[in-house]
Amino acid sequence: MALRRLSVFAVLSAVVVSLYRGALGDYPNDAARAVDALAGGHLLRALTVRPQPLMGPVSVVVRAPFAAIAHALGGGDLVAYRAGAIPCLVAAGLLAVWLLRVFPARRPVMGLLVVLLAVGSPAAVNALDVGHPEEVLAAALTVAGVVAAMRSRTVAAAVLLGLALATKQWAVIALPPAMLAVGRPKWRLAAGAVGLAALLTVPQAIADPHGFASMSRHAATATNDVFVQSWWSLVAHTLPGWLAQLTHPAIVLAAVPVTILAARRGVRADGVLPLLALLFLIRCVFDPVDNFYYHLPLLLALLAWDLQTRRTLPWATLGATLCLVETNSFLAGTQASVFYFVWTAILGATLAGARVRLSRASTRAGLQAPA
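Take a look at the structure:
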């Protein structure tokens with residue numbers, strides 16, 4: 297019954313945050329054309345809009361019915377955008393409820409706090425404010441997929457990660473830790489996730505191959521500008537073009553050797569959540585254009601880890617959230633860059649050590665269990 301009430305609270309929280317905090321931001325120049333076309337029943341137009349939105353088709357399909365209802369009721373673009381954001385935030389809220397089922401909290405108040413951190417964190421609100429609720433949906437699907445892999449639910453993990461990949465391309469970072477967590481044969485998880493993502497994305501690529509190629513290149517390339525919440529800001533305010541173009545592919549590829557190193561150090565399923573958080577942290581600190589909302593997958597992974605370790609409060613998530621707010625809202629220039637470097641370096645070292653400790657503790661528990 298408690299989880300049912302939390303589910304209702306999660307849905308209501310998502311509705312409130314979506315309707316009262318969402319701003320158009322990039323939406324008119326990104327997903328709006330595709331969402332509105334699909335909401336109006338024009339499938340081919342939705343697949344061939346120019347420029348194609350910098351996202352996969354999943355969030356467009358999820359948002360379209362809500363946008364259609366908003367338009368039918370006489371709502372304008374902002375109302376339609378906010379309505380379409382509701383299912384994206386609901387996904388984050390339901391992830392929180394499911395995590396509480398998988399990793400039961402020690403205190404009742406923890407449930408409310410976990411839901412609020414998932415749905416209404418500053419990073420989630422920032423994603424809404426700048427027109428990118430699909431980031432919330434992708435983060436929720438990605439963390440859910442890895443947790444499903446930890447529980448040896450290969451099919452569920454493949455479906456969730458496939459949907460995440462077909463929402464935002466950065467979700468590929470989660471595939472190596474998910475493969476580490478799931479039992480053998482590991483290739484089924486990767487093949488299922490990539491296959492589903494390809495199946496969902498192929499219509500878009502066939503309908504407008506040039507637009508799809510342009511969108512893919514744009515998504516894989518960072519700009520030369522460097523944000524203060526990036527380690528690059530300690531080196532330069534702008535990067536050479538060749539280096540900026542390498543950052544996104546390098547971040548994705550780094551997930552493979554980091555996961556292999558973790559496996560060789562004894563990390564198993566129980567140590568995958570800090571590994572996942574570490575990979576998302578690497579993405580944040582080495583992306584020159586490190587938007588505030590880029591940290592949402594990191595925060596949701598930390599939230600799952602907080603619950604897994606049965607802390608009295610989600611200290612890791614709260615600490616990272618407060619440091620992120622301090623970096624973006626109260627500091628500027630070099631001060632912000634130095635502060636960001638310090639707290640992310642400490643968090644990275646903590647996660648690197650925690651992933652091994654969790655797996656070793658689990659191994660000892662298994663060896664000491666009575667026959």
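The numbering of the sequence shown is the numbering used here, which starts it at 297 and goes up by one.
C-beta atoms are modelled at their ideal positions from N, C-alpha and C, and glycine is treated no differently.
Within the continuous alpha helix (DSSP H) that includes N422, where are the two ends? P418 to D425
Apart from the five residues on each side of it in sequence, which residues of its chain come closer than 7 Å, Cβ to Cβ, to P274? What the structure shows of the chain is the stretch from 297 to 667, and residue 274 is not part of that stretch, so it cannot be assessed.
Quick check: the stretch 450-461 against the stretch 413-428, are there 3 or more CB pairs under 8 Å? no
Beta-bridge pairing of D521 - partner residues as DSSP gives them: T534
Going by beta-carbon coordinates alone, are A381 and S303 separated by less than 7 Å? no
At the level of alpha carbons, what is the spacing between V563 and L476? 8 Å
Within this structure, are the beta carbons of V439 and A550 separated by less than 7 Å? no
Roughly how many whole angstroms lie between the Cα atoms of A669 and W466? Look at the range of the chain in this structure, 297 to 667, and you will see that residue 669 is not part of it.
So, are the CB atoms of Q525 and D602 less than 7 Å apart? no
Given a cut-off of 7 Å, decide if V478 and L485 are closer than it, judged by their beta-carbon atoms. yes
To the nearest angstrom, report how far apart Q541 and P347 are at their CA atoms. 20 Å
Go through the stretch 589-613 residue by residue and report every complete run of the alpha helix (DSSP H) that reaches 4 residues or more, in order. 592-604
DSSP three-state label for R329, please. helix
Run the CB neighbour count on L647, radius 10 Å, all protein chains shown included, and call it buried at 16 or more, exposed below. buried
For my contact list, T668 and L577 are in at a C-beta cut-off of 8 Å; report their separation, rounded to the angstrom. This structure gives no information on residue 668, because the portion of the chain shown stretches from 297 to 667.
Three or more C-beta pairs below 8 Å linking the stretch 353-368 and the stretch 503-522: no
CA-to-CA distance, F523 to A632, given in whole angstroms: 10 Å
Below 8 Å, can you find three or more Cβ-Cβ pairs linking the stretch 525-538 to the stretch 580-595? yes
Would you kindly report the start and end of the unbroken alpha helix (DSSP H) that includes Y316? A298 to R317
Where A467 falls: helix, strand or coil (DSSP): helix
Compare the beta carbon distance of A342 and L334 with 7 Å and say whether it is the shorter of the two. yes
Report the three-state DSSP secondary structure of R564 (helix, strand or coil). coil
N587 in three-state terms, based on DSSP: coil
Using three-state DSSP, classify Q348 as helix, strand or coil. coil
On a CA-only basis, which of M406, D373, L395 and E430 is nearest L385? Give me that one, please. E430
Check R449 in the structure and name its three-state DSSP category. coil
Residues in its own chain within less than 6 Å of V312 by CB, not counting five upstream and five downstream? none
Would DSSP call L369 helix, strand or coil? coil
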